[in-house]
Structures are given as structure tokens and as C-alpha cells.
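Residue numbers (UniProt numbering): 1 to 196.
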């Protein structure tokens, strides 16, 4: 499966919302094609390089499909789009076109079936509810109700202030329980740093 990529300094997770401002010709063209075809594009985290200008050399091999849910002309004249994370994928090979757009051959990763929330997930569910009250999270309009362990893990991994490499590790985990356990470990580390 061929997929145009949008390398960013962020990690998108399935079901999560990301707002982008588009101004480079390669991405304006890509968004136009995606909207015409009703298709998405891939968001991958940059490991080496910049978001703007020539295509970055290094980016994560695991990414998340972005499906356009809304668009508008911004006050600054730029195109604003809102995307929702779709399926996860792994990049097998990629090439940079003449316009500096990166296109990749990807394979979709299977997500484990959604599992019901467990009693031991209560603290993380409460944390998600608290995050939902933050104005920046509220503005995303993600509907931060966890429908199960997968949804809870995706939203927390996306919204919590972990570094990009930790978020990439979380994105690569297939099992929602493993992802929740890893989030708890990262939270404990964060708390340790705060009270050190």
C-alpha cells in the first residue's frame, strides 16, 4: 500500500485529534489529493531533520494514518485542517519525490480487539477525565470518554507530556494492557522527577 507521509515532531495515535496548518506546496497538493480521493495520509515522527523545507532524513518506521475530518481557511491565510488518527502502519520503504513529498510503502498493523476497562484502570480513567478539562484538550473536541483499554491507552499516550521516543514505543505496542502498563511506568517516572 502506497501512502504519502507527513513527517512531524509529534506522534499521532488512533482515535486522537490533531490540528495542522498547511502552507508548503507539497502538503497543499497532498491534502487536495487526499480530500478528492477520500483517503488519508501517514503521520510519522521526525527523528532527524526539520518539519519545514527539504524532506527529513530520519523518521519513525511506525506511524498512524491521518484522516481529514475538517478544514478551514485560517485568519493568517493558511489552510487549517483537523485530522483524526486511524490505523497504525509500519513503513517498509520510502522515497522522496521531486517536490520533497515523501511517499512510503506501508503495511497496516492489526490492533488487538477492544477490551473492556478493568477495575485497576480506574486511576488512569480518572486521569483522562482530568486531562479532558484542560482548555487545550477541550479545544480538540476528542470526546475523551474511554470506550475500552485501547481507547484509554491511545488517548493517554497522546495527551500526556511524554517525550516523542517514549510515545513511539507506546505506539508500537499492539496489546492495550501492555500499553497501559507502560504508561503507568512512565507516569511513575514523571512523578519521581517532579518530587525529586
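For each residue, glycine too, the CB sits at the ideal point set by N, CA and C. A quick note: this is a predicted structure, and the numbers were derived from the prediction, not measured.
Can you tell me where the beta strand (DSSP E) with residue 62 in it begins and where it stops?
Position 62 of the chain shown, counting from 1, holds the residue named residue 62. First-last of the beta strand (DSSP E) with residue 62: 62-73.
Could you say if the stretch 80-91 and the stretch 50-69 meet the contact criterion of at least three C-beta pairs nearer than 8 angstroms?
Yes: the two stretches touch, three or more of their Cβ pairs being nearer than 8 angstroms.
In three-state DSSP terms, what is residue 84?
On the chain shown, residue 84 is found 84 positions in, with the first residue counted as 1. Of the three classes helix, strand and coil, the one that applies to residue 84 here is strand, per DSSP.
Give the DSSP-derived three-state secondary structure of residue 31 in the structure shown.
Sequence index remark: in the chain shown, residue 31 carries index 31 (1-based). It is helical.
Can you list, in chain order, the residues of its chain with a C-beta nearer than 7 angstroms to that of residue 117? Leave out the 5 residues immediately preceding and following it.
Within the chain shown, residue 117 is the residue found at index 117, counting from 1. For residue 117, where only same-chain residues beyond five positions count, the Cβ hits under 7 angstroms are 125, 146, 148, 149 and 152.
Measure the CB-CB distance between residue 6 and residue 35 and report whether it falls below 9 angstroms.
What you label residue 6 is simply residue 6 of the chain shown in a count that begins at 1. What you label residue 35 is simply residue 35 of the chain shown in a count that begins at 1. Cβ distance not < 9 angstroms, so residue 6 and residue 35 don't count as in contact.
Exposed or buried, what is residue 28 when buried is set at 16 or more other beta-carbons lying within 10 Å of its beta-carbon?
As a working mapping, residue 28 is identified with position 28 in the chain shown. It counts as exposed.
According to DSSP, is residue 170 helix, strand or coil?
Translated into positions along the chain shown, residue 170 becomes position 170. Helix at residue 170.
Output yes or no for whether 9 angstroms exceeds the beta carbon distance between residue 197 and residue 15.
The structure shown has nothing for residue 197, since the chain only spans 1 to 196.
Would you mind sorting residue 139 into buried or exposed? The rule is 16 or more other CB atoms within 10 Å of its CB.
The residue given as residue 139 occupies position 139 in the chain shown. Sixteen is the threshold: since fewer than 16 other Cβ atoms of the shown chains lie within 10 Å of the Cβ of residue 139, the residue is exposed.
Would you mind working out which of 4, 131, 120 and 115 sits nearest residue 176, comparing C-alpha positions?
Working through the chain shown from its first residue, we reach residue 176 at position 176. For the residues 4, 131, 120 and 115, the minimum Cα distance to residue 176 belongs to 115.
With 16 as the cutoff for other CB atoms within 10 Å, does residue 53 come out buried or exposed?
Along the chain shown, read from residue 1 onward, the residue named residue 53 stands at position 53. Residue 53 comes out exposed.
Going by C-alpha distance, which of 121, 113, 60 and 133 is nearest residue 11?
Along the chain shown, one-based indexing puts residue 11 at 11. Nearest of 121, 113, 60 and 133 to residue 11, Cα basis: 60.
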